[in-house]
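J.:
Number of protein chains: 4
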Amino acid sequence: METVAVLLLTCPDQKGLVAKISQFIYSNEGNILDLNEHVDPEEEIFSIRVAWEMKHFNIPFSDLPGTFSSLATSIGANWEIYSTGQKMRTAIFVSKYDHCLQEILWRYSIGEFPIEIPLIISNHETLQPLADRYGIPYHIFPITGDNKSTQEQKELALLEQQNIDNIILARYMQILSPMFVQKYPNKIINIHHSFLPAFRGANPYKQAYIRGVKIIGATSHYVTEELDEGPIIAQDIARISHKDSLEDLKQKGRDLERLVLARAINHHSNRRVLVRGRKTIVFE
Amino acid sequence: METVAVLLLTCPDQKGLVAKISQFIYSNEGNILDLNEHVDPEEEIFSIRVAWEMKHFNIPFSDLPGTFSSLATSIGANWEIYSTGQKMRTAIFVSKYDHCLQEILWRYSIGEFPIEIPLIISNHETLQPLADRYGIPYHIFPITGDNKSTQEQKELALLEQQNIDNIILARYMQILSPMFVQKYPNKIINIHHSFLPAFRGANPYKQAYIRGVKIIGATSHYVTEELDEGPIIAQDIARISHKDSLEDLKQKGRDLERLVLARAINHHSNRRVLVRGRKTIVFE
Amino acid sequence: METVAVLLLTCPDQKGLVAKISQFIYSNEGNILDLNEHVDPEEEIFSIRVAWEMKHFNIPFSDLPGTFSSLATSIGANWEIYSTGQKMRTAIFVSKYDHCLQEILWRYSIGEFPIEIPLIISNHETLQPLADRYGIPYHIFPITGDNKSTQEQKELALLEQQNIDNIILARYMQILSPMFVQKYPNKIINIHHSFLPAFRGANPYKQAYIRGVKIIGATSHYVTEELDEGPIIAQDIARISHKDSLEDLKQKGRDLERLVLARAINHHSNRRVLVRGRKTIVFE
Amino acid sequence: METVAVLLLTCPDQKGLVAKISQFIYSNEGNILDLNEHVDPEEEIFSIRVAWEMKHFNIPFSDLPGTFSSLATSIGANWEIYSTGQKMRTAIFVSKYDHCLQEILWRYSIGEFPIEIPLIISNHETLQPLADRYGIPYHIFPITGDNKSTQEQKELALLEQQNIDNIILARYMQILSPMFVQKYPNKIINIHHSFLPAFRGANPYKQAYIRGVKIIGATSHYVTEELDEGPIIAQDIARISHKDSLEDLKQKGRDLERLVLARAINHHSNRRVLVRGRKTIVFE
Numbered sequence: 002m003e004t005v006a007v008l009l010l011t012c013p014d015q016k017g018l019v020a021k022i023s024q025f026i027y028s029n030e031g032n033i034l035d036l037n038e039h040v041d042p043e044e045e046i047f048s049i050r051v052a053w054e055m056k057h058f059n060i061p062f063s064d065l066p067g068t069f070s071s072l073a074t075s076i077g078a079n080w081e082i083y084s085t086g087q088k089m090r091t092a093i094f095v096s097k098y099d100h101c102l103q104e105i106l107w108r109y110s111i112g113e114f115p116i117e118i119p120l121i122i123s124n125h126e127t128l129q130p131l132a133d134r135y136g137i138p139y140h141i142f143p144i145t146g147d148n149k150s151t152q153e154q155k156e157l158a159l160l161e162q163q164n165i166d167n168i169i170l171a172r173y174m175q176i177l178s179p180m181f182v183q184k185y186p187n188k189i190i191n192i193h194h195s196f197l198p199a200f201r202g203a204n205p206y207k208q209a210y211i212r213g214v215k216i217i218g219a220t221s222h223y224v225t226e227e228l229d230e231g232p233i234i235a236q237d238i239a240r241i242s243h244k245d246s247l248e249d250l251k252q253k254g255r256d257l258e259r260l261v262l263a264r265a266i267n268h269h270s271n272r273r274v275l276v277r278g279r280k281t282i283v284f285e
Numbered sequence: 002m003e004t005v006a007v008l009l010l011t012c013p014d015q016k017g018l019v020a021k022i023s024q025f026i027y028s029n030e031g032n033i034l035d036l037n038e039h040v041d042p043e044e045e046i047f048s049i050r051v052a053w054e055m056k057h058f059n060i061p062f063s064d065l066p067g068t069f070s071s072l073a074t075s076i077g078a079n080w081e082i083y084s085t086g087q088k089m090r091t092a093i094f095v096s097k098y099d100h101c102l103q104e105i106l107w108r109y110s111i112g113e114f115p116i117e118i119p120l121i122i123s124n125h126e127t128l129q130p131l132a133d134r135y136g137i138p139y140h141i142f143p144i145t146g147d148n149k150s151t152q153e154q155k156e157l158a159l160l161e162q163q164n165i166d167n168i169i170l171a172r173y174m175q176i177l178s179p180m181f182v183q184k185y186p187n188k189i190i191n192i193h194h195s196f197l198p199a200f201r202g203a204n205p206y207k208q209a210y211i212r213g214v215k216i217i218g219a220t221s222h223y224v225t226e227e228l229d230e231g232p233i234i235a236q237d238i239a240r241i242s243h244k245d246s247l248e249d250l251k252q253k254g255r256d257l258e259r260l261v262l263a264r265a266i267n268h269h270s271n272r273r274v275l276v277r278g279r280k281t282i283v284f285e
Numbered sequence: 002m003e004t005v006a007v008l009l010l011t012c013p014d015q016k017g018l019v020a021k022i023s024q025f026i027y028s029n030e031g032n033i034l035d036l037n038e039h040v041d042p043e044e045e046i047f048s049i050r051v052a053w054e055m056k057h058f059n060i061p062f063s064d065l066p067g068t069f070s071s072l073a074t075s076i077g078a079n080w081e082i083y084s085t086g087q088k089m090r091t092a093i094f095v096s097k098y099d100h101c102l103q104e105i106l107w108r109y110s111i112g113e114f115p116i117e118i119p120l121i122i123s124n125h126e127t128l129q130p131l132a133d134r135y136g137i138p139y140h141i142f143p144i145t146g147d148n149k150s151t152q153e154q155k156e157l158a159l160l161e162q163q164n165i166d167n168i169i170l171a172r173y174m175q176i177l178s179p180m181f182v183q184k185y186p187n188k189i190i191n192i193h194h195s196f197l198p199a200f201r202g203a204n205p206y207k208q209a210y211i212r213g214v215k216i217i218g219a220t221s222h223y224v225t226e227e228l229d230e231g232p233i234i235a236q237d238i239a240r241i242s243h244k245d246s247l248e249d250l251k252q253k254g255r256d257l258e259r260l261v262l263a264r265a266i267n268h269h270s271n272r273r274v275l276v277r278g279r280k281t282i283v284f285e
Numbered sequence: 002m003e004t005v006a007v008l009l010l011t012c013p014d015q016k017g018l019v020a021k022i023s024q025f026i027y028s029n030e031g032n033i034l035d036l037n038e039h040v041d042p043e044e045e046i047f048s049i050r051v052a053w054e055m056k057h058f059n060i061p062f063s064d065l066p067g068t069f070s071s072l073a074t075s076i077g078a079n080w081e082i083y084s085t086g087q088k089m090r091t092a093i094f095v096s097k098y099d100h101c102l103q104e105i106l107w108r109y110s111i112g113e114f115p116i117e118i119p120l121i122i123s124n125h126e127t128l129q130p131l132a133d134r135y136g137i138p139y140h141i142f143p144i145t146g147d148n149k150s151t152q153e154q155k156e157l158a159l160l161e162q163q164n165i166d167n168i169i170l171a172r173y174m175q176i177l178s179p180m181f182v183q184k185y186p187n188k189i190i191n192i193h194h195s196f197l198p199a200f201r202g203a204n205p206y207k208q209a210y211i212r213g214v215k216i217i218g219a220t221s222h223y224v225t226e227e228l229d230e231g232p233i234i235a236q237d238i239a240r241i242s243h244k245d246s247l248e249d250l251k252q253k254g255r256d257l258e259r260l261v262l263a264r265a266i267n268h269h270s271n272r273r274v275l276v277r278g279r280k281t282i283v284f285e
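Residue numbers (the numbering used here), protein chains in the order written: chain A, 2 to 285; chain B, 2 to 285; chain C, 2 to 285; chain D, 2 to 285.
Given below as structure tokens:
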């Protein structure tokens, strides 16, 4: 796989944006592999994702942000440039459920995600054997009523020491503190086992069972300080009927959770997600 | 089409229920066409839908409820028996949107629903031409801030005079009063343009647009006194993305609304729905 | 709605394509509303759809093809430019089934498709009343064993006289001759009532019923000389079970056919479809 | 979990079938947990699945077939009775792909299937480590051009010795000989990576890619002597677009294959599938 540069950019809409950006790439001998743009006609905001080959590109990746910044400034843009040569360093947080971790580690092992997983953090020892099987260090930080803040500090220290950029909550059953969340804005991906905004909070399958819905869902979103209110990355659903017990809902839900979380990780790690306010643009 | 009897019954679970009910039918020379039962293992409640041919059946339909009642009493059942020979007399309530009315009248015209539609009620004159095209009387009861109660009384009088058993709210934009709703318990079907319980109340597409969900839905349910909280009959969803404007959501939603409402009318009019508390059993 | 130009273009992949095309638009004061491109990495073919506002654009639409052609030639492109100011003149062909025609005419009447429907052609008189209701001229060309060629000549003369660019076969039950098809390459849209390539040819629901599939489908595609083998524009499916009779399959299928055909018309009439060999690129 | 008896029965339709069967259960103090029947109105064939508690049932399971047979004979039935106390002894056949085996073993390990897996058979050593992880004996029978018949004999001997009733082909890349297939009629479950009957045989993803379909599928079916023509148990689909490479199809297909195969195993092992000719009745 050759190295590819990915630009994610958003700015006020104006004439010539695609021309300017593509000209920047072309004039430096870049070959565009994928370009995806969106204009929000209401808010008049332009957003773009462009990927181009770094091979034969005149500017080394290390100089790219510096070189691009004058154009970016002239159009009033928020932007980030990534190289596929730099894998996203990602930590997974889990508690006791294994299905999401299984799924992620299996896909990771066959190379589906362009990420590195240097460590797994858990508040329980339950999933240590699964982590061992894939040879990934597993760190246990038990959370009790009053040690949360201290433990989070330790976790943050570990994450920093390991240069972790992104976090996946793979059915991690603790609520992260605002302090923690603020360190990783739009970098923490959660899977919630309902079709948000329906059934926020605890026991969504039980809520769904009691309400008698005919469809259940799962939602993967970025974690913000407000519980289950962060920008949604991916959602999917499964049909249920009166025949399904609460246990059946959980079982069908497990399959949803695994797939929706995997899809979100895919989008996020391939730099296909741009967050604007409470919403995401997913350049598929 | 030959006449068929349909029994919908629910009672505390106990041994021998299927044997007793099927023996009742068999001993009277009935041939079962379709039998569908469900045991709620938690609440220990038995529910059944049985359909059998009335041809060669020993008991005329008019005597059937009387004859069946002693068995029903002995097992402590709530039950109803219907004949497909008696079409459900159904009124449709509309406001200005035509898509749901279009859909229902077209399906009605090709015989998809075992119902009769003797009248349409609206608070606007907008859809009169559509009603005319299908030759169905269209009654206008404009609703203003302070005449709702009077108008509802007139509507009820008309419904009673026309022997209406069931009501379909095909995007009727008025909230029926509790007094009205209580006259037709589990007999009024509504289509709500969201995936309930998400986005209750007004402007669900706008709510969905603002929240940035990746899937929209529609829900058909029985109307109860609590807004958008009645037992759900059918739900479906459509995928959306950041490219969809609010207008696109409404357009995609129209297709959902039409199909979900049609499905609910199908289930209801074929006597496939049994309401238990806040939930439905749909014997598909 | 303001006038928008839409360019559909395909050419061998090479550096600078987006830059050149967007620069052409920008230098003439065009504002890009939507840009969607695709590079086929295997065949090294670049494809693009760009839409920009004609308001304030320096070149009148009538001169646009002429002005653009030198750039197009220099990159070896196949291309077409459309103006949303020119509605696609479209004829609908039907036989006896009304569901697809109903659907198209209703969506047409509420402005969902940027097309004009100056006429409907049928080999039966059955749907004349439906055409009348929407005020669209309905021409009957009965087809017998030996008059097909003559009738097609008359149809073609009528289509030419009416300046028809595109044809929708809305469950038209005759096979068009190769001579006819060649006059409208990638301009005739058909709806086939199966999940192609499964169940080509006659009676696909019966074939599906006999095979015992658990899912049925519908496929909308461009008509080519080879029956049911043209480039696919849209497909969708519905779940079925052993409970569904052949009649149920047809009923569920009708809903699929309507929606899939409508989706294909939407894509095609908004100039979102680019045909490459046996496949389509649908720029959604 | 208490022991439950499951009767699967099919016979010519006639009056009193449900009455007779349910009376048999009731008169022996059985409590019906689940009853599901179907009448094919065209062929006039009755099919039923009944499950009842063995606790308090008058007849021990070992005597049940003998006791039931006189009723069964009197109605001309084909039938089988199973006890949930006897887990289905199941062998898995694999080649090199791990995704289906991963999925089955994980679900098996959390108790989702009422089966026992005493052994895995493969023509390659590739998946030995995965089998080891779950502690399941892994037997390698390499297949070359001319040893197939001999190797199949050895496999059959091993299966017989291990009392294997059912076989799952989890992307096993060899075609079983008719002789082998005949030993396990309607007992061998395969997963084919297409939406059958489309794309039978080799390389279905490539076939789908070349044809330009907009949806791919997976099909789980019983193996018969005719390749990819056996009775279908479960199917599902995923949407694709022109953006998806052949590699993407395979990746999306993997997720489908896993879920569809798991669903088929669920239906089959819970004795919910009744085969009639080329079709299945799945009593969900």
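All C-beta atoms, glycine included, are put in the ideal place defined by N, C-alpha and C.
In the DSSP assignment, find the beta strand (DSSP E) that holds Met89/A and state where it starts and stops.
T.: Within the first sequence, numbered from 1, the residue matching residue 89/A stands at position 88. Note, Met89/A: beta strand (DSSP E), 89-95.
J.: Where DSSP assigns a beta bridge to Ala219/D, which residues make up the other side?
T.: Counting from 1 along the fourth sequence, the entry for residue 219/D is found at position 218. DSSP output for Ala219/D lists Asp237/D as bridge partner(s).
J.: Could you spell out the range, first to last residue, of the beta strand (DSSP E) harbouring Arg172/A?
T.: By one-based count along the first sequence, residue 172/A stands at place 171. No beta strand (DSSP E) contains Arg172/A, which DSSP labels as neither H nor E.
J.: Going by beta carbon distance, what residues of the same chain come within less than 7 Å of Glu30/D, once the five residues before and after it are set aside?
T.: Residue numbering aside, residue 30/D sits at position 29 when the fourth sequence is read from its first letter. The residues are His57, Phe58, Asn59.
J.: Kindly indicate if chain D contains any beta-carbon less than 7 Å away from that of Gly1/C.
T.: The displayed coordinates of chain C run from 2 to 285. Any statement about residue 1/C would go beyond what the structure contains.
J.: From Lys280/A to His268/B, what does the alpha carbon distance come to, in whole angstroms?
T.: In the first sequence, residue 280/A corresponds to position 279, counting from 1. In the second sequence, residue 268/B corresponds to position 267, counting from 1. The alpha-carbon atoms of Lys280/A and His268/B are separated by roughly 37 Å.
J.: Please determine if the segment 181-193 of chain A and the segment 191-205 of chain B are in contact, where contact requires at least 3 C-beta pairs separated by less than 8 Å.
T.: no
J.: Give a yes or no on contact between the segment 3-16 of chain D and the segment 224-244 of chain D, applying the rule of three or more CB pairs nearer than 8 Å.
T.: no
J.: Are any of the Cβ atoms in chain B nearer than 7 Å to that of Trp107/C?
T.: Residue mapping note: residue 107/C aligns to position 106 of the third sequence, counting from 1. Interface residue, yes.
J.: Tell me, please, whether the CB atom of His243/A is closer than 7 Å to any CB atom in chain B?
T.: The residue given as residue 243/A occupies position 242 in the first sequence. True, the Cβ-Cβ gap to chain B drops below 7 Å.
J.: Rounded to whole angstroms, what is the Cα-Cα separation between Asp166/A and Thr225/A?
T.: Start at 1 with the first residue of the first sequence, and residue 166/A comes out as number 165. Start at 1 with the first residue of the first sequence, and residue 225/A comes out as number 224. Each residue's Cα considered, the two are about 16 Å apart.
J.: Are the segment 76-87 of chain B and the segment 6-23 of chain B touching by the rule of at least three beta carbon pairs closer than 8 Å?
T.: yes
J.: Between Ile49/A and Leu10/A, is the Cβ-Cβ spacing less than 7 Å?
T.: By one-based count along the first sequence, residue 49/A stands at place 48. By one-based count along the first sequence, residue 10/A stands at place 9. In this structure, Leu10/A lies closer than 7 Å to Ile49/A by Cβ.
J.: Are Ser290/A and His140/A close, meaning C-beta to C-beta below 7 Å?
T.: A question about residue 290/A goes unanswered here, because the residues of chain A that appear run from 2 up to 285.
J.: Quick check: the segment 68-75 of chain C against the segment 269-276 of chain D, are there 3 or more CB pairs under 8 Å?
T.: no
J.: Determine whether the Cβ of Pro205/D lies closer than 7 Å to any Cβ atom of chain C.
T.: Numbered from 1 along the fourth sequence, position 204 holds the residue referred to as residue 205/D. No, Pro205/D does not count as interfacial toward chain C.
J.: Are the C-beta of Ile234/D and some C-beta of chain B separated by less than 7 Å?
T.: Start at 1 with the first residue of the fourth sequence, and residue 234/D comes out as number 233. No, Ile234/D does not count as interfacial toward chain B.
J.: How would you call Lys155/C, buried or exposed, if buried means at least 16 neighbouring beta carbons within 10 angstroms?
T.: Stepping through the third sequence from its first residue, residue 155/C is reached at position 154. Exposed.
J.: Give me whichever residues DSSP pairs with Cys12/B in a beta bridge.
T.: Stepping through the second sequence from its first residue, residue 12/B is reached at position 11. In the DSSP output, where bridge partners are listed per residue, Cys12/B has Phe47/B.
J.: If the cut is a Cβ gap below 9 Å, which residues of chain C does Val283/D touch?
T.: Position 282 of the fourth sequence holds residue 283/D. Those within 9 Å of Val283/D in chain C are Lys215, Ser242, His243.
J.: When we look at the beta-carbon of Ser178/D and count the other beta-carbons within 10 Å, is it buried (16 or more) or exposed?
T.: Position 177 of the fourth sequence, counting from 1, holds the residue named residue 178/D. Result: exposed.
J.: When DSSP labels each residue in this structure, what does Thr225/C get in the three-state scheme?
T.: Counting from 1 along the third sequence, the entry for residue 225/C is found at position 224. Here DSSP, grouped into helix, strand and coil, assigns Thr225/C to coil.
J.: Verify the CB distance criterion: does Gln154/D have a CB-CB separation below 7 Å to chain A?
T.: Here the question's residue 154/D lines up with position 153 in the fourth sequence. False, the Cβ-Cβ gap to chain A never drops below 7 Å.
J.: Throw me the rounded Cβ distance for the Ala171/A and Ile192/A pair, which I believe falls under 8 Å.
T.: Along the first sequence, read from residue 1 onward, the residue named residue 171/A stands at position 170. Along the first sequence, read from residue 1 onward, the residue named residue 192/A stands at position 191. Going by Cβ atoms, the distance from Ala171/A to Ile192/A rounds to 7 Å, so yes, they are a contact pair.
J.: Taking only the alpha-carbon atoms, compute the straight-line gap between Tyr214/D and Ala235/C and give it to the nearest angstrom.
T.: Within the fourth sequence, the letter at position 213 stands for residue 214/D. Within the third sequence, the letter at position 234 stands for residue 235/C. This sequence places Val at residue 214/D; Tyr is not what is there. Each residue's Cα considered, the two are about 8 Å apart.
J.: Anything in chain A within Cβ reach of His194/B, meaning under 9 Å, just list it in chain order.
T.: Here residue 194/B corresponds to residue number 193 of the second sequence, with the count starting at 1. By Cβ distance, chain A contributes nothing, its closest Cβ being about 15 Å from His194/B, past 9 Å.
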